[in-house]
Amino acid sequence: MDRKIKRVIDGVAKHYPMRKERMLQKQSGNGEPAMARYMAYKMLSEQGIANTEIAISFEMKVENVTKALKRFDDWLTIYPELKKKYELIKAHTLK
């Protein structure tokens, strides 16, 4: 796994009360694991990592990464507290 990707996964997992393995599960449903994954996808995408590379790292389809990024962008628009949390985690993770 690429160092940038690993650093983002580790950084996001630190801020959620779950094991990193649970965050990486493909079928973990909604809730915090999905939120943490989507947050990681968004950070990686903002660093210039292609959706294809993200999909390979998380062992999933590119279309699903694209859908997750769209969904997370919608959530950031709707929930200002999530946007604040995302900015805080991003600042700690990508320093």
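The sequence shown begins at 14 in our numbering and counts up one residue at a time. Positions of the beta carbon are idealized from the N, C-alpha and C atoms, including for glycine.
Asked: Counted within 10 angstroms of its Cβ, other Cβ atoms place Arg16 as buried (16 or more) or exposed; Found: exposed
Asked: Three CB pairs or more closer than 8 Å across the stretch 61-75 and the stretch 85-92; Found: no
Asked: Contact check, Ala53 vs Ile91, beta carbons under 9 Å; Found: no
Asked: Pairwise C-alpha distance: Val78 and Ala47; Found: 12 Å
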